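Take the sequence shown: its position 300, counted from the start at 1, is 300 in the UniProt record's numbering, and no numbers get skipped. See structure below.
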Amino acid sequence: LFSLKYIKTVVTFLGSSGIWPSNIFSEKLQPLFFRVHRQTLPYHTMLIVIGGLHYLSDNVHRLSFLDMGHMILTTFLAMVTAVRSVVPNLKVYAELVTKLAREIHLMHFAHKGPYYEEMNKTVDKVSFIYTKFIVVVMYLAMLMFNFAPMYNNAKNVLITKTENYTLEFAVYFSYPGFKPLNYFPTTTLYNFYLSYNCGIMLCGLDLILFLMIFQLVGHVYILRHNLENFPMPNNKVVMNIGDLPRYKNKENCIVEMFDAKENEEVRVRLAECIEHHKIIIRFTDEISIVYGPILAFQYMFHMVGCCLLLLECSAGNQVIRYGPLTTVVFGQLIQISVMFEILGAETEKLKDSAYFVPWECMNISNQRTAHIMLHKMQDKISIKALGLAAVGVNTMMGILKTTFSY
1 LFSLKYIKTV VTFLGSSGIW PSNIFSEKLQ PLFFRVHRQT LPYHTMLIVI GGLHYLSDNV
61 HRLSFLDMGH MILTTFLAMV TAVRSVVPNL KVYAELVTKL AREIHLMHFA HKGPYYEEMN
121 KTVDKVSFIY TKFIVVVMYL AMLMFNFAPM YNNAKNVLIT KTENYTLEFA VYFSYPGFKP
181 LNYFPTTTLY NFYLSYNCGI MLCGLDLILF LMIFQLVGHV YILRHNLENF PMPNNKVVMN
241 IGDLPRYKNK ENCIVEMFDA KENEEVRVRL AECIEHHKII IRFTDEISIV YGPILAFQYM
301 FHMVGCCLLL LECSAGNQVI RYGPLTTVVF GQLIQISVMF EILGAETEKL KDSAYFVPWE
361 CMNISNQRTA HIMLHKMQDK ISIKALGLAA VGVNTMMGIL KTTFSY
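Take a look at the structure:
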């Protein structure tokens, strides 16, 4: 697994934050700084939320409308970071990622046949491209969000030498007895650190989620392929129905039926398909348990954050600063919704694929098993945010409509 290029990228960029649990996959103990950083980040980020609210309450009458929007946005982003930073410290999350790497990944199934191997290569290629894309966008958004205030400071202080100019920060916060302007260089560097944490928690956790979804979609394609290419009987059976009164003067009927040996092979194949379907269902349920609360809070953030980002971008001189961040937030909403919609749509096709199974050629026992399998595959696999809102295109469209109307 660790020979794959995109896994190496994930380990490099997400190992220090604990989003990729390196301590489980490596015998080498993680450096003390990384362990302390991962365990204290939720409390540390909540202090930033408190500092942002304190700054907002102290300056509410002096802030312009757009500056107020910026403060609310950064405070909300700090809250999202605080909530998400709890997840890498959860045992259930580490178990989920471990199961992805050691059991669910398609490389563990590639030996079963050519189609398994082909699907494994396809999913790995998609995962590699998406991982590179997310890493580039994440760092671009972080840098541009911090570059804009630094550029404004340099322009107004060093070039135009504007009088009574107030230095800008990417993230504003204050506490009783502490004013960020008194520690400008330190606070500016610290803002980069805060932006890095925010980017890692926003994009990193979603990257792991998408890698899981890619694997699940690959499993669904394989299951559909196995159902739609189920073997037919090798021999034909001639049934003499000419002596029956209702079929008088008619030719004999030739039907295809599995013999005893073939029925045993069919029983094994049906059991494999049912077990494969159970693996997909179980892993999807485990994803819902871990990511359900995160997705619910994320949708709440999108309701507010998307509106504020569009508002900030409406000021022409702020596009450079907020453009990449707006792209990340809107892209995150669209990607999450579309990916889960694709997973749901593909699993919904399983019931159609199950009809390709030649159940009419089986013995009674296998027909009963096929009936149970068909019944199990009637339900669409979906993930719900806290068991309430289904994660999909409909929810996304509702949020986007609300955002643009606001």
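In this text, a Cβ means the ideal position worked out from N, Cα and C, and glycines have one as well. Quantities reported herein were computed from a predicted structural model and do not represent experimental measurements.
Local conformation of residue 407 per DSSP, three classes: In the structure as shown, the chain starts at 1 and stops at 406, and residue 407 therefore has no counterpart that could be examined.
Neighbourhood of L56 by C-beta, 6 Å cutoff - its chain only, sequence neighbours within 5 removed: Working through the sequence shown from its first residue, we reach residue 56 at position 56. Counting only residues of its own chain and dropping the five nearest sequence neighbours on each side, L56 has a CB closer than 6 Å to the CB of M71.
Can you tell me where the alpha helix (DSSP H) with S365 in it begins and where it stops? For this step, residue 365 is matched to residue 365 along the sequence shown. Element bounds for S365: 364–376.
Look up E312 in the DSSP assignment and give the residues it is bridged to. Translated into positions along the sequence shown, residue 312 becomes position 312. Paired residues: none, contrary to the question.
Which parts of the region 191–241 are runs of the alpha helix (DSSP H), unbroken and 4 residues or longer, counting only runs that do not cross its ends? For the region 191–241, whole alpha helix (DSSP H) runs of length 4 or above, ordered along the chain, are 205–228.
Taking only runs of the beta strand (DSSP E) that begin and end inside the region 43–123, which ones reach a length of at least 3 residues, in chain order? The region 43–123 contains no whole beta strand (DSSP E) run of 3 or more residues.
Sufficient close CB pairs (3 or more, under 8 Å) joining the region 178–188 to the region 295–307: Here the region 178–188 does not lie against the region 295–307, with fewer than 3 beta-carbon pairs under 8 Å apart.
In whole angstroms, what separates the C-alpha of G392 from that of L106? Mapped onto the sequence shown, residue 392 falls at position 392. Mapped onto the sequence shown, residue 106 falls at position 106. Near 25 Å, if we compare the C-alpha coordinates of L106 and G392.
Should D206 go down as buried or exposed, given a rule of 16 or more other Cβ atoms within 10 Å for buried? To locate residue 206, count along the sequence shown from 1; it is residue 206. That one is buried.
Give every residue of the same chain whose Cβ lies closer than 8 Å to the Cβ of Y116, excluding the five residues on either side of it in the sequence, and list them in chain order. The residue labelled residue 116 in the question sits at position 116 within the sequence shown. Excluding the 5 residues flanking it on each side, Y116 has same chain C-beta neighbours closer than 8 Å at L106, F109, A110, I222, in chain order.
Spatial neighbours of E348 within its chain, please: CB distance less than 6 Å, with the 5 preceding and 5 following residues excluded, ordered by chain position. On the sequence shown, position 348 is the one that residue 348 refers to. Correct list, in chain order: K380.
Comparing alpha-carbon positions, which option in I280, L270, I336 lies nearest N363? Position 363 of the sequence shown, counting from 1, holds the residue named residue 363. Of the candidates I280, L270, I336, the one whose C-alpha sits nearest the C-alpha of N363 is L270.
Can you tell me whether K384 is helix, strand or coil according to DSSP? Within the sequence shown, numbered from 1, the residue matching residue 384 stands at position 384. If DSSP states are grouped into helix, strand and coil, K384 belongs with the strands.
Cα separation between I159 and T188? The residue given as residue 159 occupies position 159 in the sequence shown. The residue given as residue 188 occupies position 188 in the sequence shown. In a straight line, the C-alpha of I159 is about 20 Å away from that of T188.
Using CA coordinates, which residue listed in P324, Q318, M300, C313 is at the minimum distance from T395? Looking up residue 395 in the sequence shown gives position 395. Nearest option by C-alpha distance: M300.
Cβ shell of K5 (< 8 Å), same chain only, five flanking positions each side left out: Counting from 1 along the sequence shown, the entry for residue 5 is found at position 5. F128.
Using a Cβ-Cβ cut-off of 7 Å (strictly less than) and excluding sequence neighbours within five positions of S353, which residues of its own chain qualify? For the purposes of this step, residue 353 is identified with residue 353 of the sequence shown, where counting begins at 1. Within the same chain, and ignoring the five residues on either side of S353 in sequence, the residues whose Cβ sits closer than 7 Å to its Cβ are R224, L227, E228.
F178 - partner residues in DSSP beta bridges: Working through the sequence shown from its first residue, we reach residue 178 at position 178. Beta-bridge pairing links F178 to Y175.
Which same chain residues end up closer than 6 Å to G15 when comparing Cβ atoms and leaving out the 5 residues on each side of it in sequence? Residue mapping note: residue 15 aligns to position 15 of the sequence shown, counting from 1. If you ignore the 5 residues before and after G15, its C-beta comes within less than 6 Å of the C-beta of S22, all in its own chain and listed in chain order.
Identify which residue in I279, P231, R282 has its Cα closest to the Cα of V266. Taking the first residue of the sequence shown as position 1, residue 266 is located at position 266. The residue among I279, P231, R282 with its C-alpha nearest the C-alpha of V266 is P231.
Could you work out which residue in A170, F169, N152, V171 is closest to T162 when comparing CA atoms only? Walking along the sequence shown from the start, residue 162 turns up at place 162. Cα-wise, what sits closest to T162 is N152.
Can you tell which of R35, L63, G51, V126 has the C-alpha that lies nearest to the C-alpha of N89? By one-based count along the sequence shown, residue 89 stands at place 89. Shortest Cα-Cα distance from N89 to any of R35, L63, G51, V126 involves R35.
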